[in-house]
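Report on the structure given below.
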Amino acid sequence: MIELKVNGRSHNVSADPDTPLLYVLRDELQLNAAKFGCGLGQCGSCTVLVDGAPTLSCVTPIMLLEGRQITTLEGLGSLEDPGPLQQAFIEEQAAQCGYCIPGMMMRAQALLQRNPHASDAEIRAQLEPNLCRCGTHMRILRAVRRAATLMAGPGTPPATRAPSTAGTQLDAPDTDNDAQGDARRRPARTDKRERPER
Amino acid sequence: MKTVVTRRVVTRLLWVLGFAVAGFLLYAWRSAIPPADPPSADSFDADTIRRGAQLAALGDCATCHTAPGGETFAGGRPLSTPFGTIYSTNITPDLSTGIGRWSRPAFERALREGVDREGEHLYPAFPYDHFTLLNDADSAALYAFMMTRQPVQARTPDNHLAFPLNMRLILAGWKLLFLREGPYESDPTHDEQWNRGAYLANGIGHCGACHTPRNSLGAEIGARHFAGGEAEGWYAYAINSDSQSSEAWNADALHAFLRKGWHEQHGDAHGPMAPVSRNLSSATDSDVQAIAVYVASVMGKRPQAKPTAGDPPNNDTGAAVYTTACASCHDGTKPLPFGGVKLTLSTAASGETATNLINVVLDGLHPPEGTAGAIMPGFSSTLTDGQLESLVSYIRANFGAKPPWTDVESSVREARSRFSD
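Going down the list, the sequences are from chains A and B.
Counted the way this note's numbering counts, the first sequence spans residues -5 to 192.
Counted the way this note's numbering counts, the second sequence spans residues 138 to 558.
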């Protein structure tokens, strides 16, 4: 018996210690948000949080997780009461087939917990290990930006908050089509560094 | 009476000191080379520019002279050294922030003497102690290539170096001690290909900048050429007869590894070696072949390494972590690309220090954006320090088949500070 703490609740699981966490989540605990993608730790669809850090559950044996805080997408909110990240993904309609989305959301959650004012570049870098085959990347990025805004101030309409979000490159979420929006957010080509030095 | 004598002695000492300072200044002083109008692109012929591009690939120039996410050759990458942080410079031909106003003599002086156009000494983070070996034709080709790149305006941030290291004049003293200027001299006891390889590996390729250990003043220890060094938190393995690889290298394996960043008997080029092999994939094949022949000869032939460790010590935690977290990919039953390299082949397991193994376990392997390469997930979020130490010791004993490392605990602590997420 290994005791796992998942989404704040303790579970005694009977699986072998070398069983990957993903199998235990889905088969024993009926937490089906994390997905089996490649099974090799290469696609990110099985991403969950362990003590707040993104972790590939398909290659993580439960033996390593006793006493650690595991968070799955189910831990961020429910259908009736979605958390800010889930709300943002619904509002931006960021899922197409949806298979990668739980992993994307958990990795984004880890970033926003650590850095609520993550820049566009930081969001892109954070989500880089996770693959999406449908090509909804622009919507996913918009959803993460919206989630940051939602988390920053509950009840504040996102569109009115964007310019005041100091220190970030966040745009107002509802902008033009994806391609233009992206081009406008891209930093200028010239690097403006502080001072000359040989 | 006594005070008069003392005063005389002091006066004499001051004179001597004064002369010494004046002499050093005279020795250290380099004059500026006047700014030149940038040469037009058609003043260089295409073959020269192409040759320069190949040399820049062999020299791995873009790796240091490009900031993360920045424009190629526009500099600004922080290089952390034991002495402080040095930022690479903008080597695009931008007129104000790059080398657009550098004449060819100014460029060659920087390569060979480590002095910039304005007469300032350059820090040896720029490996002019190697580039001094370049012949005239090659330095001219490199100049032609650099001066025909797209100019990018990018100011280089200030270095973070404590006094007196921020005084560039003192570098003249470093050079007096450690810089041996002059072009490569052919070794008549070896053939042309070997000499070509030695010229490239020790010159533009500056292999020793990482693979040769450095002394307390940051200079390579000549007597320990290629005996293994450090680079950016990684250990650059010995590539001489001290090589600890479980399979002996030969010229063919080196050639394949340098070109492709991968060899089935030796695994994957990662850490700071990854960009080197990516650059070498676009260099001239005969040049890479020559480097391989030379390095293989420096390594020499050695009998197949015999395991030198006794029975592996009892290590239940390490064994359990290996079995549950590593074996499903690394047990050698899955074909590439689904399985990882067998750890009995991995120099990370048989190498000199635990650093590289710990780095890879914590951070995994990530091919850079847009390129193909080996992938491994990192385990920094799940392994505790204790589990990691047990795992590393287990892998060392069972697959490296060498006596235990003594630096596991400190290396884990150090690596943790680099890979936190």
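Every residue, glycine too, gets a C-beta built ideally from N, C-alpha and C.
**Study point:** Close Cβ partners of residue 408/B (< 6 Å) along its chain, the five nearest in sequence each way excluded
**Key:** Within the second sequence, residue 408/B is the residue found at index 271, counting from 1. Result list for residue 408/B: 371, in chain order.
Practice item. Please classify residue 45/A: is it buried, with 16 or more other beta-carbons within 10 angstroms of its beta-carbon, or exposed? Key: If you number the first sequence from 1, residue 45/A lands on position 51. With fewer than 16 Cβ atoms within 10 Å of its Cβ, residue 45/A is classed as exposed.
Check your understanding: Between the Cα of residue 400/B and the Cα atoms of 333/B, 474/B, 431/B and 439/B, which residue gives the shortest distance?
Key -> What you label residue 400/B is simply residue 263 of the second sequence in a count that begins at 1. Of the listed residues, the one whose Cα sits closest to residue 400/B is 474/B.
Check your understanding: Along the chain, where does the alpha helix (DSSP H) that runs through residue 457/B open and close?
Key -> Taking the second sequence and counting its residues from 1, one reaches residue 457/B at position 320. Per DSSP, residue 457/B belongs to the alpha helix (DSSP H) from 453 to 458.
Review point. Any C-beta of chain B sitting closer than 8 Å to the C-beta of residue 201/A?
Key: A query on residue 201/A cannot be resolved here, the shown segment of chain A reaching from -5 to 192 and no further.
Check your understanding: Quick one: what's got a C-beta closer than 6 Å to residue 406/B's C-beta in the same chain, skipping five residues either side?
Key -> By one-based count along the second sequence, residue 406/B stands at place 269. For residue 406/B, where only same-chain residues beyond five positions count, the Cβ hits under 6 Å are 398 and 414.
Check your understanding: Would residue 229/B be called buried (16 or more neighbouring beta carbons within 10 Å of its own) or exposed?
Key -> Mapped onto the second sequence, residue 229/B falls at position 92. By the 10 Å Cβ count, residue 229/B comes out buried.
**Study point:** Amino acids of chain A, ordered along the chain, whose beta-carbon sits closer than 7 Å to that of residue 475/B
**Key:** For the purposes of this step, residue 475/B is taken as residue 338 along the second sequence, with counting starting at 1. Chain A residues near residue 475/B: 34.
Check your understanding: Cβ of residue 198/B within 8 Å of Cβ of residue 216/B?
Key -> The residue given as residue 198/B occupies position 61 in the second sequence. The residue given as residue 216/B occupies position 79 in the second sequence. Not closer than 8 Å, so no.
**Study point:** Beta carbon proximity, residue 66/A to chain B, threshold 8 Å
**Key:** As a first step, residue 66/A is located in the first sequence; it is residue number 72 there, counting from the start. Closer than 8 Å: no.
Exercise for review: Answer yes or no: does any C-beta atom of chain A fall closer than 8 Å to that of residue 461/B?
Suggested key: Taking the first residue of the second sequence as position 1, residue 461/B is located at position 324. Yes, its Cβ sits closer than 8 Å to a Cβ of chain A.
Exercise for review: Identify whether residue 94/B lies in helix, strand or coil by the three-state DSSP scheme.
Suggested key: Since the first residue shown for chain B is 138 and the last is 558, residue 94/B is missing from the structure and cannot be characterised.
Point to revise | Contact set for residue 316/B: own chain, Cβ-Cβ below 6 Å, skip 5 residues either direction | key: Stepping through the second sequence from its first residue, residue 316/B is reached at position 179. So the qualifying residues of the chain are 266.
Practice item. Within its chain, find whatever has a CB closer than 8 Å to the CB of residue 327/B; leave out the 5 residues flanking it on each side and keep chain order. Key: For this step, residue 327/B is matched to residue 190 along the second sequence. Its chain contains 335 and 434 as the residues whose beta carbon lies nearer than 8 Å to that of residue 327/B, once the 5 sequence neighbours on both sides are disregarded; these appear in chain order.
Exercise for review: Might you give, ordered along the chain, the residues of its own chain that have their beta carbon closer than 8 Å to the beta carbon of residue 605/B, omitting 5 neighbours on each side?
Suggested key: Lying outside 138 to 558, the shown extent of chain B, residue 605/B is not represented and no answer is given.
Check your understanding: What is the DSSP secondary structure of residue 155/B, counted as helix, strand or coil?
Key -> Locating residue 155/B in the second sequence gives position 18, counting from the first residue. Correct three-state label for residue 155/B: helix.
Exercise for review: Could you tell me whether any Cβ in chain B is nearer than 8 Å to the Cβ of residue 53/A?
Suggested key: Start at 1 with the first residue of the first sequence, and residue 53/A comes out as number 59. By this cut-off, residue 53/A is an interface position.
Exercise for review: Could you please give me the residues that DSSP links to residue 203/B through a beta bridge?
Suggested key: For the purposes of this step, residue 203/B is taken as residue 66 along the second sequence, with counting starting at 1. In the DSSP assignment, residue 203/B is bridged to 212/B.
**Study point:** Closest by C-alpha distance to residue 458/B, when choosing among 483/B, 530/B and 411/B
**Key:** Along the second sequence, one-based indexing puts residue 458/B at 321. Selected option, being the one with the closest Cα: 530/B.
Point to revise | Heavy atom of the ligand NAP within 7 Å of residue 320/B beta-carbon | key: Ligands are entirely absent from the displayed structure, and the ligand NAP is therefore not among its contents.
Check your understanding: Out of curiosity, what's the CA-to-CA distance linking residue 192/B and residue 163/B?
Key -> Counting from one through the second sequence, the residue named residue 192/B turns up at place 55. Counting from one through the second sequence, the residue named residue 163/B turns up at place 26. Each residue's Cα considered, the two are about 35 Å apart.
Exercise for review: Kindly list the residues whose CB is nearer than 6 Å to the CB of residue 18/A, restricted to its own chain and excluding five residues on each side of it in sequence; keep chain order.
Suggested key: Here residue 18/A is taken as the residue at index 24 of the first sequence, counted from 1. Only 7, 9 and 56 meet the Cβ criterion.
Check your understanding: Can you pull the DSSP bridge partners for residue 5/A?
Key -> Counting from 1 along the first sequence, the entry for residue 5/A is found at position 11. According to DSSP, which records beta bridges pairwise, residue 5/A is partnered with -2/A.
Check your understanding: Is it buried or exposed for residue 263/B, if we count other Cβ within 10 angstroms and need 16 for buried?
Key -> By 1-based counting over the second sequence, the position of residue 263/B is 126. Burial call: buried.
Review point. With a CB to CB cut of under 6 Å and the five nearest residues on each side skipped, what residues in its chain are close to residue 247/B?
Key: To locate residue 247/B, count along the second sequence from 1; it is residue 110. 253, listed in sequence order.
Check your understanding: So, are the CB atoms of residue 290/B and residue 209/B less than 8 Å apart?
Key -> Locating residue 290/B in the second sequence gives position 153, where the first residue counts as 1. Locating residue 209/B in the second sequence gives position 72, where the first residue counts as 1. No, these two residues do not count as a Cβ contact at 8 Å.
Review point. Quick one: does residue 532/B have its CB under 8 Å from some CB of chain A?
Key: For the purposes of this step, residue 532/B is identified with residue 395 of the second sequence, where counting begins at 1. Output row for residue 532/B: interface = no.
Practice item. Verify the CB distance criterion: does residue 287/B have a CB-CB separation below 8 Å to chain A? Key: The residue given as residue 287/B occupies position 150 in the second sequence. So no, residue 287/B is outside the interface.
Exercise for review: Kindly provide the ranges of any alpha helix (DSSP H) runs that are 4 or more residues long and lie completely inside the stretch 448 to 507 of chain B, ordered along the chain.
Suggested key: 453 to 458, 464 to 467, 484 to 487 and 492 to 500
Exercise for review: Since I believe residue 236/B is in contact with residue 283/B (beta carbons under 8 Å), could you give me their beta-carbon distance rounded to a whole number of angstroms?
Suggested key: What you label residue 283/B is simply residue 146 of the second sequence in a count that begins at 1. What you label residue 236/B is simply residue 99 of the second sequence in a count that begins at 1. Confirmed, about 7 Å.
Practice item. For residue 438/B, count neighbouring Cβ atoms within 10 angstroms of its own Cβ and tell me buried if that reaches 16, exposed if not. Key: Here residue 438/B refers to the residue found at position 301 of the second sequence. Exposed, since its Cβ has fewer than 16 Cβ neighbours within 10 Å.
Exercise for review: Note down, in chain order, every chain B residue with its Cβ under 7 Å from the Cβ of residue 100/A.
Suggested key: Position 106 of the first sequence, counted from the first residue, corresponds to residue 100/A. Here the premise fails: no neighbours, minimum Cβ distance about 12 Å.
Practice item. Report yes or no: is there a C-beta of chain B within less than 8 Å of the C-beta of residue 44/A? Key: The residue you call residue 44/A lines up with position 50 of the first sequence. Answer yes: the Cβ-Cβ gap between residue 44/A and chain B drops below 8 Å somewhere.
Check your understanding: By how many angstroms is the C-alpha of residue 320/B removed from the C-alpha of residue 313/B?
Key -> Against the second sequence, residue 313/B aligns to sequence position 176. Against the second sequence, residue 320/B aligns to sequence position 183. If I take the Cα positions, the gap works out to 17 Å.
Point to revise | Buried/exposed call for residue 173/A, threshold 16 Cβ in 10 Å | key: For this step, residue 173/A is matched to residue 179 along the first sequence. Its pLDDT being 41, under 50, residue 173/A is placed unreliably in this model, and the value from its coordinates should be taken loosely. The residue in question, residue 173/A, is exposed, as its Cβ has fewer than 16 Cβ neighbours within 10 Å.
Practice item. Would you verify that the beta carbon of residue 21/A is, or is not, closer than 8 Å to some beta carbon of chain B? Key: Working through the first sequence from its first residue, we reach residue 21/A at position 27. Taking Cβ atoms only, chain B never reaches closer than 8 Å to residue 21/A, which makes this a no.
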